[in-house]
Structure formats: C-alpha cells, structure tokens
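Residue numbers (the working numbering), protein chains in the order written: chain A, 759 to 1060; chain B, 759 to 1060; chain C, 759 to 1060; chain D, 759 to 1060; chain E, 759 to 1060. Let me begin by presenting the structure, written as structure tokens, before commenting on it.
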C-alpha cells in the first residue's frame, strides 16, 4: 500500500520507462512515416483520434473501476479476517471453561488462539507469490505434521480447530449456544479464505487489458499523425504527452488488479497479519508483543 | 478463463474474422456509395459520426459493465460453493459421531462427502452445454437410481443429504445445534445452485446487443463517408480501424455474458470442481488424489 | 424475456413507429422552419447539438443503468423465491415426522407444499397486470375461503403456513431447531414478496423519463437545423438517424423499468412459477408433472 | 412519488421559474457584455464551453447517480419495514399462546401488533418535516405516557415490545426459539429505523451541489458568449436552452436527495404506512379497515 | 459534515487559494512561454486539450465516485453502530434479570450500558487524529486499568463485555437464547469497529490522486496555450477558469476520501456519539441527559 503522496520523478520513470520508450518511439515512427509516406497520399482528419480518444478514455475508466473494485474487495476480505479473528479470540477467552474435562483452560485457549494465528499466516503465505513459514511457530510439532501434507494448509488448520470445538463440546467446556457462535467464526474464516483465493486465482479478463493497450498505442500513433500536419516534429512531443496520460491512467488501474502481489500498491498483508497477531497476543495477556510493521522508505507498507 | 496475456494475431483474426469482413465490406461499400452517389448531392458533416461516436462508446460501456458483472457474479457463486463445500466436509468430519445408531461413522462421513461431490459435478453438468456423467462415480447405484429420474438431479441429491441429516439426528449422531449448522450448508447449496441457474437461464436483454451492433455498423459507415471526402479511399482503412476498436470492445463484453458457456473466457468450472474434489478427498484422508486441471496451450483453463 | 437474438425489421417498426413518426416529422418541420424562417436570421452553430448530444447520451446511460438494475433486482428476487421454495419443500419432506399427533405425515407434507405453490401463483397474479386464478387449484376449499377475503392473498397464505408450523410444533412433529429453519423460510418468502411488490409499486421517477424524452426531441431538432445548412434536405435523414439511435437506446431502457409487466422483455414469471411447480411436484413424488413453459414464436418467454 | 408520466407545462414552469429567470438573465447579460465590451478585445474560442460542457455533464451524472441511490436506498428501507411488519404480525399471531400466564392471548396479540403500528407512525412522523400524531391512537394511555418523554419515541416503543417479549417468555407463552425469531424482528426494526434516520440526517455533501450549480451557470454564460459571435441575439435563446437542459437534469437529481421530504418526488410514506396498517389489521381480523391512500390530482402520492 | 448550502466567497478562496495561485501562475507562464517561445515554432492544435479534457473529466469522475463511496460507507458503519447500540441497550435492559446471582440487576445493566458508551467514545478517539479521553468517564477505575494497557482500547472493552455475558450466563441471569442475541451484538460491534479502522488505515491509492493532479495541471497549461493564439492574454483568464472547474471538482472528491479526519466535510462523529449517548441514557432512565452537538457557525457539524 502506497502511503507517500509525492512521487519522485525517478520513481515514475523507473515504473514506466519501458512503455515511455515504446510510446515515444511509436510517435517518432508515426511522425516520419507521415512525413515521408502518408503526406503524399492523404491528410488524416482530426475526427479519427477525437472519436477514438473519448471512446478509449471510457474503456480505460471501465478497466480502472473493475480493478479498484477487486482491490477494495480484497481489502474488505482481510478486514473481515481481522474482525473475525478478534471475535474468535474474545469468544475463546470468555466462553471456554473447564467443563468436566481435565484440561488446563488457559492452555487450551492459548492453543486455539495461536493455531488461529497459524491459519492467518498460512493463508498469507498461500496468497503471496513467495513462501513464508511464519505460521510454523504458532503450531506444535504434532499439529504441524498433521497439516503440512495437505495441499491447502490453512484449510487443514481449520479442521483442527473444529475438532477441538467438538472435543470441548463433548467435555461440556462449551454448551450448544457457544458452539454455534464459535463454529460460525470457522465458517466465516472459510468464506474469507475462499474469497481471497478467488481473487488471487481469477485472472482479470486478459482480452480487456490486451486490447486496451493496443488501442492506446493505435490512438497515440493516429494522434501524432494528425498533429504532424499542423506542428511538424513537435507532434512527437504532443503525441507522447497524450499517450502518457492515457497509458499511465491505464497502468494505475493494472497495478490494483492483483491485490495480493508484491507491488507497492498491493494490500499490505504483512501489516494486517501483524495487527492481528498483536491484538490476539495482547488479548491472551502475553508479555512479548511484536512491533507493528514499519513502512519502507516512508513510501509504502507491505 | 484466459490466462495468457498475449494474443497471437492469428487468434484475434480467428475470433473476429466474420465481423472484420462485414466491417471492411461495409466501409468499402460506404466509400463507393459516397464517391459515386452521395458526393453529387451532399457532403456529410463531421458532426454526425462525432455525436454518434461518443454516444455509442457510452452504450458499449454500459453493456460491458453489465456483462462483467454477470461474469463476476457467476465466479462469486462458484466461490461460495467452494467455501461451503469445505465447511460442509469439515463439519461432517468433526461433528458427526456414532450416537446411538449402529452405523460406521467413517463410512457415513464418506458417503455424505462423496454425495456432495456428486452434487457439485451434477450442477456443473447442468450448467455447461455438454452433458458430463462424472457425478455418477460419487454415488452408490441406489442413490443414482433415486436421483436420475428427476429433471433436476442436483436438487434431488440435496434431498438425499437432508434425509441423512434427519436420520443422523434421530440416532443422536448430531444434536440440534449441529443439525442447524449442517442444514444451513444445504440451504446455502440450494441458493448457490439457484443463483447459477438464474444466470444461465436469464438471457441478457437481446435488444441491447442487437441495437448496439446495428449502431456500431451505422456509425462505421457514416464515419467512412465523412472521411471519404478528405482522404479518398484511405477512408476505408480509417473506417475499418475505428469500426474494429468499437466492435472488439463490444465483443469483449459479449464473451463474458454467458459465463457458463465453453468459450475460453468462461468461468473455469472444470478447474473449480477439481479443486473442491481435491480439497474434500484430502480432508477425508483418501490416498488417491486427482491432479489439478491443467491449462490448455498455456492459453486458458476450462 | 426475449430469447431471440435477431429482430425482424417489422418488429422494430411495430415497436417504435409512433416515435419514429414523431422524430421524422420533427426533423421535417425543423428543416422547413430553418429553410424558410431561421436561415434569414442566423446559422445555428454546431456546438449547440454537440454539447447537448454528449450530455444527453450520458443522461440516457444513467436511465438505462437504473432500469437494468431494477430488472436484474426483480430477477434476483424471483431467483431467491425459487431457491427458498426448494429448501422449503426439502425441509418439509425431510424434517416433518409423525410426532405424537395422529396426522398422516405424507398428507401434511403435501398440503404444506401445495399451499406454497398457491402462494407462488398468488404472488405472480398480484404482480402481473392481469388476474390469474391458478393458485386456487393448490388450496382446499376451506383454505381458499380463509385467504380470499384478504386484500393481500399471498400474505394470508403465509399466515396459514405458520399456523401449521405451530401446530406441528405442538404435536412434536418438529423440534425447535427444525421450527427455526422452516420459519426462516417463511420470513424469506415475506421478504421476497415485499421486495417484488416494492419494485412493482414504486414508479421510476417520471421526471427523468419525461425530460430525457423532451431533451432527445430538442436535440434532434437542433441537430437537423445544424445539418440543414450543409446538406439541405438530407439533414432530415441524418436528423432522423441520430434521433433514432438516441431514442431507441432510451426506449430499450424503458422496456426494463417495469419488470413485472407483460412486455416481451419482462421477467418470465410464467416460466419461473412452472419451474418451481415442476421441482416441488417431483420432490413430492407426484406422477403428473406439467411441461415447462414454451417460448412464444421462438421470440420470447412469458 | 410522482405517478403521472405527463407534466403540464405550467408545473414545469412553476418548479423551475426562479432558475429559468436567473439563467435567462445571465444569458442576456452575457450577450450584452460580449457585444459591448468583450468583442473589442477577443472572440471566445468554442473550445472553452465544449470542454466545460462534457466535464459538467459528467459531474451532473455523478450527482444524479448518488441522489438516485439515496432515494432507492430509502425506498428499500421502508420496503424492509413492510416485510418485517408482516413477519412480526404473523409470528405474534401464530406463535404466542397462553403459556402458564393468565393473560388473554387475543388481547396480548392485538396490543403487540397495534403497538407496532404506533412504532411505524411514530417513525414516519420523525422522518417527515411536519409532526403527525397518528401513532397515539395505537397506544394505550399508559404506553403513551411511558414513551412520550423520550426524545426518540419510536425507539422507546421498541423497548416496550421487548419487555413484552420477556414477559411472555417468563410465562412460557413463547419458547426460546420463538423468542429468537420475534426478537430478531425487533433488531431488524432498529436497523431500518436507524438507516432511515441516517439518510434523513446526513446532508448530501453541499459542496458538490453548490459548485455544480456555479459551474452550470458559468458554462451557460461562456456558451452564450461563444454563440453571440455567430448568431447575435439568438445566442440568448440557445444559451438558455442549453442552460435549461443542464439545470433541469441537475434539478431532477436534487429532488431525490432528501427522500423523506414532502416534495412530490419523495418516498410515499403515507401510502406505505397505510399499507402496513391495512395488512396488519386484516391479519388481526379487524372489521374496520381503512382505505388505501389516494393519489393527489392523479399526479403524485404522498 | 457541511450543513450550509451557501458558501461565502471568502471560504472558497481560503480553501483553494494555494492551488488557485499555482493554476493562475501556470497559466501566466504558459501564456508567456507561448508568446515568446513556442509561437515561432508551432501553433498547438485544439485537439490536444480537447482530447485530454474529456479523458481527465472521466478520471476525475472515477476518483470522486470512489471517494464518495468511502465516505458513505464510513457513514453506514457508524449508522450500524447507532442501531446496534440501541439494540444492545434494549436487550440488556429487557433480558438481563436476577437469575440465581446476588447482583443488583439495575446496577449490572447500567455498568454494561455505560461500558458500551466507553467503547463508542474510545473508538471515536482512535479514529480521529486527536486523542479524546471522554471514554474514561464511563468506566470504573478497575475497568479503566484493565483496558488502558492495550494498544486497542476499544477492543479490550469488548472483552470485558463478553466476560460479563459469560458471568451472567453462569448465574442464569440470561439463558442460552438471550446469550446468543447479546453476543451477536458484540460480534457486530467488532465488525463495525474493524470496518471503520479499515477505512481509516487504508490509504486511497495515492498514484490516482497524484497523477490526476499532474494531468489537470498539464491540461490547464495546454489549454491556455491553445487559447493564447486566438485571444492573447485573455487566455490566462480562460485557462484559469477551466483549470478551477477541474481542480475544484477533483478537490471536492479528495475532501471525502478520509471521512474520519477533521475537515468540515468529515463524518460528524461527535454528533453521532452524542446521539448514542442521549439515546442510551434516556433508555436507562437517567435524569441528566446531555445536549445534542450544535453546528459550528451554522456551517458544519463535527
């Protein structure tokens, strides 16, 4: 997640230099083709890029809307995970008691809350491109062995949780009503987890992105040719400027389309997971609480 | 679902050659009609295609928005099926016990989970144009006989599930609270199944698509005629280019309108069903787990 | 619901001939007024219709978005009725047993499911402009007498259903948990019924439609006048063409605004009700199952 | 709620004459300022109002979308009140029985349903600008005294309802499951009531409306000046026409922004409250049922 | 929240003078650069700002839509807090009784309701930039000590609430069904609290805002240069006017992006918290009820 509101020029160039180059070269080519070839045959009427321009602006707007919606939906899913994690911990701490079992209530509670942190970190690891073994430290070796064989580790952890619930219920450590509430949280976790996987695994229709790019490039060339008749080589500058405006706007949308990647605009999963960890450990009364995740270069948070 | 971000030119031509031809021929015709007929009478003012162009761009945008929403809604419905399938399996495995019945718990659980896989595959078969009998292998012959006579096989499977629930409940293998949770999942399956059928069976208002096509074609012709006065035969090229941009954008929307068809842009039901199958079989502790569905030509997944 | 993707020209003319005429006559009038009156005083600048054109395109787009949303919302409501009807029947069949009452379980179940079909058909009859007494055949004479006096027959049927639930509960034929599930369905039916009535009874803000029509007409006239100076009488053709594009697009939206009317674009309530009937009768194990509703002329389904 | 689809010209003038005047006078002033002052210095290029025009059309569209959404959300909230009111009455009538209390079941039911009507009318009174004491007639003097001191009368009525629920529960007139269902309705009423208050109390960001108005006015003036060079005094007419189109469209949105006011476009709360009253009294089996609310002049319903 | 519909000119200048200056100076610079430098080389064609103008208007519209949605979502979250606070108080007052504990029912109820007010004020303090200790006065010293060490005070208060619920449940002061209802409210509070934090902590993608600003500035300069050829120094005025329209519209959106800041357009948290306080104290039957929050200068409410 970007937090800085000012961009250094270097950063902008760093992000977009490839397309900048393609656009600039296309404009240069368009200018020379027009000057040496087309001009003898015809003068491109201004209506061509005008009509294309407003149509393409509209299609870019469509892409950006959908991209932003994906990004915001991803953020909401992780927001729901934060909320339900707190409710899970609160419910476990307040509603699980000794029952007629001979277990230590505090230990049971701690196991169930730490196991939930393992679930959170395992889910993060599955969503992000690189692997991350943080979740191991919240599991006992036995638990770890049980879940590691599964292709979907975070789902396997939820099975452990519901087995614990069943056990607590059989020991009368929770009654039916508390069982309902705690199990509802497991259902919610399953939903949030599946929703996040849906966004990660569903590729945004690639034809939209592909053709929008082609159309921007086409528009830039036609625009340059139209300007070339009136302002000569300066048309290269104008074509490039207009091309940049369209391309950068489209690019801004694209950076939001995969919210679980590791771009600087991605959802700050590290930060959110840490927030959950801090909240839950504080609720458990632990003494060693980790620090919140720090921004990188005051520019963005991962 | 398309996964490749680059299209081969051949593929683009393969998809759109019919319309490409119609557009090109219309432009050619428009040019000659203008040259030999209209030019003697009047010169079409540029305002005609300009006004039409931005209006039609807007209407295409409207179509595309609705098409994308249908597609994304369809994807969400199947996402919900994934989530609820996992919750169903987890609940069946953790909460169904022996009770005072004389059934084998493991067997009962396996039957209820496999029957759910049959539901999933039967639903897929009903949504996709071609039939698919995969669901049979997850049903016993008796079960199969009971459901096959129904016009809505997947619905009939859900009836079997709730009869099992009732039986388990009568044997005290699940209590009222667990009954609530398990039955809620059956209600959710009914909802998702009906929602998917709604999208499949509700034809997107055909007048929108029909008239948008007519208007694009009309616009292309008028645009060509306007250009013809300034650039002669080159207007055919310009008319075709602008016509392609509008038509392809409209076409991109259309490919998303029926998300359960078997276009390369359709929802990848094969892949999703297989994911559910893998997850549930792993949770059951089965040894033979099928492979995930592979992309076809690294281009798309069905 | 339209199902044919091709429109015969005759159908288009049949739908729109009145407005076609008004638009054409307005264009003719505009041409003559300009030629004989205005031309002596001033030449209308092209900027007037240009600015109006893109503004009006935007406002039409707004109308169409809201119209489509009403239509889709209406379809979703009836989709929810389909889903909940199936869940209702499944729950009644699986969860209602003998209890300590001396009723015949099968008969009780059949009564409750047929009564639900009466609810569905009574609701349809209330939403559509014409009355329809199909619901009578699913009620006993006593039931019919009880509900017919009510101004809201479908609501009265739901009261009968909840009285049956209460009775079954008092006879221990269902326990509290099953009562919860079945009553939840009655609440859902109440919600869907009220939502459908809301859409039927809430007139889409008429000022939007009125003024959009006035503005399209105004725009067409101004557009014709502008063209008249350049292309003479041909401006009538151009004015009419552009006027048609705007008007038909607006008209397409209007046909979706009242989704429970009996236009060919309306929600196909006959078909949906029949689907519910078929599903429920099959679940009951009835032998006489009616046929699905057939399309009319392969053009649309009611 | 407007129900007439035709507007008399007089009504349009009556609604908008103030702005009509301002716009017309501005156009006149713009014309004379241009003629006597500006013309000596410069000729305003057409690009100025063109660029402004499409930008402002877009911003008006934004306002209208949000306004319509507020209006429709308000309508949905009252739709939910209708639905939940029917469910409340149905549940009270079917599920409240004698228990071991010595109360008269019929009387208790009537009290609880009439008290709900008091809630509905008290809420309406709080939302509409003028006070309305209709709610008194549905309360006993004791009840009235208890609630009238509260600044939020409708909320106080809900407290009475939940006290009755608790009492019925203590007398075993309802069991825990029925308590759940009835209490859920009270929670729903609280939600709908708060949502309606939210829309009433949250002023739509006034800067949007203020600046949109300023920009329309600015645009009209610039547009008139541009036309003045080409068509002289006729520019006043053209400026006014274009100004009216923009202003009326903006005005149409504004009329929906406060859906609980007493404009003719407001939500027809009188009608909705009466519908609830009729439904509930019929369900109670009352003999005196009031008439539905009639439209005023066949133009609108309050 | 702004409540005044008229802005004093001074206020507008006060808000925007910095950008006004930048825009004006840019226009001046653009004019002189054009006059002394560019004019010798080329005359900028009008198509450049025309195409840019409508594209940028579209992108501003996109920003504003998202900004308004954030603002309205924030308002809905606090609306939900109002609703659930009333339901919480109503449920506590009606459903908590003596049970077999030896606690004073009135006192217990008051503690639980005041503690909820502490939660509301602690949440407000966490969302707004400045700290606010109002929440202390609703907590006993023991409670205050327990929660103050937590980094998330409002979350810690909710833990206290659920511990009280558990205690009441163990004393049979509430049964399982009432426990369900009360605990559901705690889950709702957790959700609303997390949702509000999500909006506060998620920075709106800064690249959108940054580039939209750059593009508006670029557009203003190009627009001025185009006008300069036709109207000389007057182009500075025209450039500034058009620049202001675009910039102010963009600025209007930006003021809504952080709805929990202390701008005059922010959500009026002070007012909402006070409303909850008044409602709950009245329900408790307290005598000293604070006054509603007053608008500041009749301009806005905090």
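Every residue gets a Cβ at the ideal spot worked out from N, C-alpha and C, and that includes glycine.
The alpha helix (DSSP H) runs lying completely inside the stretch 836-901 of chain E and spanning 4 residues or more are 863-885, given in chain order. Distance check between residue 948 of chain E and each of E:937, E:919, E:934 and E:1036 places E:919 closest, using alpha-carbon atoms only. Identification of chain A residues near residue 853 of chain B by a Cβ-Cβ cut-off of 7 Å yields 924, ordered along the chain.
For the pair residue 936 of chain D and residue 1034 of chain C, the Cα-to-Cα distance works out to about 29 Å. The beta-carbon of residue 953 of chain D is placed less than 8 Å from the nearest beta-carbon of chain E. Beta bridge pairing from DSSP links residue 1054 of chain D with D:1058.
Taking 8 Å as the threshold, the shortest C-beta distance from residue 971 of chain E to chain D does not fall below it. Sequence-distant Cβ neighbours of residue 941 of chain E in its own chain, meaning closer than 8 Å and more than five residues away, are 920 and 923.
As the crow flies, the alpha-carbon of residue 820 of chain A is around 10 Å from that of residue 1008 of chain A. Counting C-beta atoms within 10 angstroms of its own C-beta, residue 1048 of chain E has fewer than 16 neighbours from the protein chains shown and is therefore classed as exposed.
The beta carbon of residue 1035 of chain C does not come within 8 Å of any beta carbon belonging to chain B, so the residue lies off that interface.
At least 8 Å separates the beta-carbon of residue 802 of chain E from that of residue 994 of chain E. Interface with chain A (8 Å Cβ-Cβ cutoff): residue 900 of chain B is excluded.
By the beta-carbon neighbour count (other beta carbons within 10 angstroms, threshold 16), residue 1001 of chain C is buried. Across the set C:1014, C:987, C:769 and C:1030, the C-alpha of C:987 shows the shortest separation from the C-alpha of residue 791 of chain C. Within a 10 Å sphere around the beta-carbon of residue 811 of chain C sit 16 or more other beta-carbons, which makes this residue buried.
In this structure, the beta-carbon distance from residue 781 of chain A to residue 961 of chain E does not fall below 8 Å. With contacts defined as CB atoms closer than 8 Å, residue 880 of chain D and residue 912 of chain D qualify as a contacting pair. Relative to residue 908 of chain A, the option among B:1039, B:955 and B:797 whose CA is nearest is B:1039.
In the displayed model, residue 1041 of chain A falls within a helix according to three-state DSSP. Within the DSSP secondary-structure output, residue 760 of chain A pairs in a beta bridge with A:1058.
At a cut-off of 8 Å between beta-carbon atoms, residue 1004 of chain B makes contact with chain A. Contact check for residue 969 of chain B against residue 1006 of chain C passes: the beta carbons are separated by less than 8 Å. At least one CB of chain D lies nearer than 8 Å to the CB of residue 933 of chain E.
At a cut-off of 8 Å between beta-carbon atoms, residue 949 of chain E makes contact with chain A. Within the stretch 977-1036 of chain E, complete alpha helix (DSSP H) segments of at least 4 residues are found at 992-1015, given in chain order. Proximity of residue 838 of chain C to chain D, defined by a Cβ-Cβ separation below 8 Å, is not satisfied.
Interface residue (Cβ-Cβ distance to chain B less than 8 Å): residue 915 of chain A is not classified as such. Within the stretch 895-958 of chain C, the complete alpha helix (DSSP H) segments at least 4 residues long are 899-906 and 911-928, listed from N- to C-terminus. In the displayed model, residue 1046 of chain C falls within coil according to three-state DSSP, outside both helix and strand. Neighbours of residue 805 of chain E in chain A, taken as residues whose beta carbon is under 8 Å from its own, are 804, 807, 808, 981, 984 and 985 in chain order. Straight across, the Cα-Cα distance linking residue 890 of chain A with residue 883 of chain A is about 5 Å. Within its own chain, the residues whose Cβ lies closer than 8 Å to the Cβ of residue 869 of chain E, once the five positions on either side in sequence are excluded, are 898 and 922, listed in chain order. Listed along the chain, the chain C residues whose CB falls inside 9 Å of the CB of residue 801 of chain B are 988 and 989.
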